[in-house]
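Notes follow the structure.
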């Protein structure tokens with residue numbers, strides 16, 4: 007996205023681990039973060055799979071369970087009746103189990119949970135709790151920032167959101183405007199300010215950046231008026247050239263890096279952005295280079311190498327800067343964590359928790375079509391990336407994976 011304001015990202019609804027071991031006993035243990043339930047009294051009536059451990063995200067609530075029926079079928083549905091008054095259904099939509107010699111190997115799976123006649127507003131709160139715990143475990147919560155991060159915006163002094171580029175940043179801009187201008191929110195009462203962080207799977211952010219800034223592999227001269235109008239883009243061609251294409255030509259070796267490194271080594275601390283370095287080193291010869299490389303293309307693997315190169319120079323572009331370095335999640339307190347992968351549900355919950363109102367048909371966030379591991383086309387991009395290169399990518403975005411519970415699958 008291009009604009010005057012400068013801003014320095016959402017997994018599936020929950021990432022739970024489900025372990026199921028079949029033995030000839032009648033013990034059913036249910037613990038969880040997502041729906042209520044610490045077992046204190048259990049009368050088992052039908053148990054086909056005897057030991058079931060469900061570990062999730064939400065806080066447990068003490069209760070007495072009078073009846074538990076566990077059906078070990080394709081739907082893997084656990085029906086819990088609590089105190090003969092409240093019925094809670096926890097549905098495990100996708101489970102992958104690899105079993106050898108009666109030993110169950112547990113895999114991280116995507117688990118969607120729901121409770122009868124209730125919403126899941128707790129999810130965005132519990133993700134924030136998980137974030138703080140991870141920061142503490144990693145020893146990253148020693149200090150705090152009094153000032154919000156650069157990517158932060160505040161709506162009516164009540165709700166602050168830190169958004170990341172390639173994490174629906176344009177949608178968040180529209181969301182801010184809608185809430186500010188909505189008549190129903192004009193007289194909203196002041197409440198305790200809250201802060202939210204929006205996140206997206208690191209690898210899917212990279213795919214989105216490649217499709218956007220490198221045209222998904224098209225020649226760069228395809229970025230013309232027709233293309234921009236079709237994609238609703240306003241960034242000028244020469245800005246793309248300095249910000250993305252010329253730097254990638256240098257990192258891929260198609261343009262000599264001699265001028266760049268000579269300029270960079272002379273005064274590396276004076277360059278805050280790649281564009282400044284590129285213009286200083288190549289500004290006088292760019293017209294010649296444009297003529298030579300106007301039909302240049304960039305493969306996804308070349309893009310990935312470019313991302314790593316910019317990090318080595320400590321000049322990563324904002325569109326692939328890590329969420330950790332953008333929103334400082336361990337040093338600024340966030341009350342809610344929103345995942346782009348479940349953004350419509352999460353935003354609905356966010357509104358209910360902050361007194362804001364917005365009609366569902368006004369939501370500026372498009373629904374993402376995700377499978378268990380993400381969008382089917384995203385995994386295609388990484389299929390031919392060498393494992394040693396992927397390890398470097400995992401290292402760059404290690405904290406984003408850990409703090410927000412993302413798996414390393416796409």
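In this note's numbering, the protein residues as written are 7 to 416.
All C-beta atoms in this analysis are idealised placements derived from N, C-alpha and C, irrespective of residue type, glycine included.
Local conformation of residue i per DSSP, three classes
| i | result |
| --- | --- |
| residue 204 | strand |
| residue 168 | strand |
| residue 38 | Note that residue 38 has pLDDT 37, beneath the 50 cutoff, so the model's placement of it is unreliable and the number below is only indicative. Reduced to three states, the DSSP call for residue 38 is coil. |
| residue 411 | coil |
| residue 260 | coil |
| residue 238 | coil |
| residue 66 | Model confidence at residue 66 stands at a pLDDT of 34, short of 50, so the residue's coordinates are unreliable; what they give is reported in the following sentence. If DSSP states are grouped into helix, strand and coil, residue 66 belongs with coil. |
| residue 403 | coil |
| residue 281 | helix |
| residue 253 | helix |
| residue 300 | coil |
| residue 323 | coil |
| residue 334 | coil |
| residue 310 | helix |
| residue 389 | coil |
| residue 416 | coil |
| residue 147 | coil |
| residue 265 | helix |
| residue 360 | helix |
| residue 248 | helix |
| residue 317 | helix |
| residue 275 | helix |
| residue 398 | helix |
| residue 295 | helix |
| residue 232 | helix |
| residue 328 | coil |
| residue 220 | coil |
| residue 286 | helix |
| residue 129 | helix |
| residue 142 | helix |
| residue 214 | helix |
Bridge partner(s) assigned by DSSP for residue i
| i | result |
| --- | --- |
| residue 344 | 204 |
Inter-residue CB distance, residue i and residue j (contact presumed, cutoff 8 Å)
| i | j | result |
| --- | --- | --- |
| residue 302 | residue 243 | So it is not a contact: roughly 13 Å between Cβ atoms. |
| residue 208 | residue 412 | 7 Å |
| residue 312 | residue 274 | The pair is not a contact, with the Cβ atoms about 19 Å apart (cut-off 8 Å). |
| residue 136 | residue 220 | Rounded, the Cβ-Cβ distance is 34 Å, inconsistent with contact. |
| residue 229 | residue 246 | 6 Å |
| residue 224 | residue 328 | Incorrect: roughly 27 Å between the Cβ atoms, too far for contact. |
| residue 147 | residue 133 | Going by Cβ atoms, the distance from residue 147 to residue 133 rounds to 16 Å, so no, they are not a contact pair. |
| residue 321 | residue 277 | 7 Å |
Beta-carbon spacing of residue i, residue j below 8 Å
| i | j | result |
| --- | --- | --- |
| residue 240 | residue 335 | no |
| residue 345 | residue 201 | no |
| residue 343 | residue 167 | no |
| residue 384 | residue 210 | yes |
| residue 265 | residue 171 | no |
| residue 164 | residue 341 | no |
| residue 283 | residue 294 | no |
| residue 292 | residue 129 | no |
Of the listed residues the options, nearest to residue i (C-alpha basis)
| i | options | result |
| --- | --- | --- |
| residue 267 | 287, 167 and 416 | 287 |
| residue 315 | 137, 402, 200 and 349 | 402 |
| residue 141 | 171, 319, 330 and 358 | 330 |
| residue 393 | 333, 307, 324 and 323 | 307 |
| residue 415 | 389, 277 and 350 | 389 |
| residue 309 | 164, 254 and 337 | 254 |
| residue 300 | 236, 396 and 248 | 248 |
| residue 198 | 212, 321 and 360 | 360 |
| residue 398 | 408, 333 and 318 | 318 |
| residue 410 | 396, 347 and 357 | 347 |
| residue 332 | 169, 350, 232 and 214 | 169 |
| residue 297 | 357, 226, 262 and 237 | 226 |
| residue 145 | 214, 352, 337 and 233 | 337 |
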